[in-house]
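S.K.: Chains as they are written, first to last, in the working numbering: chain A, 141 to 251; chain B, -3 to 111.
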Amino acid sequence: DGGITQSPKYLFRKEGQNVTLSCEQNLNHDAMYWYRQDPGQGLRLIYYSQIVNDFQKGDIAEGYSVSREKKESFPLTVTSAQKNPTAFYLCASTIGDTEAFFGQGTRLTVV
Amino acid sequence: GESVGLHLPTLSVQEGDNSIINCAYSNSASDYFIWYKQESGKGPQFIIDIRSNMDKRQGQRVTVLLNKTVKHLSLQIAATQPGDSAVYFCAENYDGSSNTGKLIFGQGTTLQVKP
């Protein structure tokens, strides 16, 4: 079955650590996105990528980094520069001008 | 628009009634709009979409209305059921100055269905 997979489902980070969230899709979609969702709030765009080896900052890119070396993969690194990383992170993909398919999310908690 | 620092508004309806969820979008250049449903702890799921050359589109128990003049989108759910309880988001596909499209989500609405 085609879909978009995020891992891990739950992730714990110590202060000052970098962590990487995985997002893989086998839908042959060109564009991929990372959103952050805080409790009781909407989705905010962190980074997005329209094609391999290219990506753009979203509205809240500070403290995050991404790479797009393969069409199928768009990992997000939450760096130590992100001062409030505890949130629910959602990855999505689209092809052309169509709806986005979402993964099931990764819940990141700072301990 | 964004929901930075704002908690989601809540709509409470009686089971069997119709629900109307509203959304104001940001950019008059956006040409494609989507409604999503998000259940607790899960990723958003596609409900229905509409392109800017239409003003109404119907699905199963759902209707989306688009008013480009005032940049307003609404989702109507007929005969609301307990399983409809969730957070609903609208999204617009916007081509910015870089000519690369991106999905922008509006402020969500929590729908609570009372039995």
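Ideal Cβ positions, reconstructed from N, Cα and C, are used throughout, including at glycine.
1. Mapping the DSSP letters down to three states, classify D170/A as helix, strand or coil.
2. Which residues in the same chain as E(-2)/B place their Cβ atom closer than 6 Å to its Cβ, once the five residues preceding and following it in sequence are excluded?
3. Give the secondary structure of K98/B by DSSP, where H, G and I count as helix, E and B as strand, and everything else as coil.
4. Are the CB atoms of L183/A and Y173/A nearer to each other than 7 Å?
5. Taking C-beta to C-beta, are T246/A and L151/A nearer than 7 Å?
6. If Q244/A sits next to G39/B, beta carbons under 8 Å apart, how far is it from one beta carbon to the other, in whole angstroms?
7. Measuring only between beta-carbons, confirm whether A227/A sits less than 7 Å from chain B.
8. Consult DSSP for D45/B and reduce its assignment to one of helix, strand or coil.
9. Going along the chain, which residues of the region 34 to 54 of chain B sit with their C-beta nearer than 7 Å to a C-beta in chain A?
10. Using DSSP bridges, identify the partner residues of N18/B.
11. Going by DSSP in three states, D27/B sits in which element: helix, strand or coil?
M.R.: Taking the geometry as given:
1. coil
2. At E(-2)/B, the pLDDT of 35 sits below 50, so the modelled position is not reliable; the number obtained from the coordinates is stated separately. Nothing listed; no residue qualifies.
3. strand
4. no
5. yes
6. 5 Å
7. no
8. strand
9. K38, G39, P40, F42 and D45
10. S70/B
11. coil
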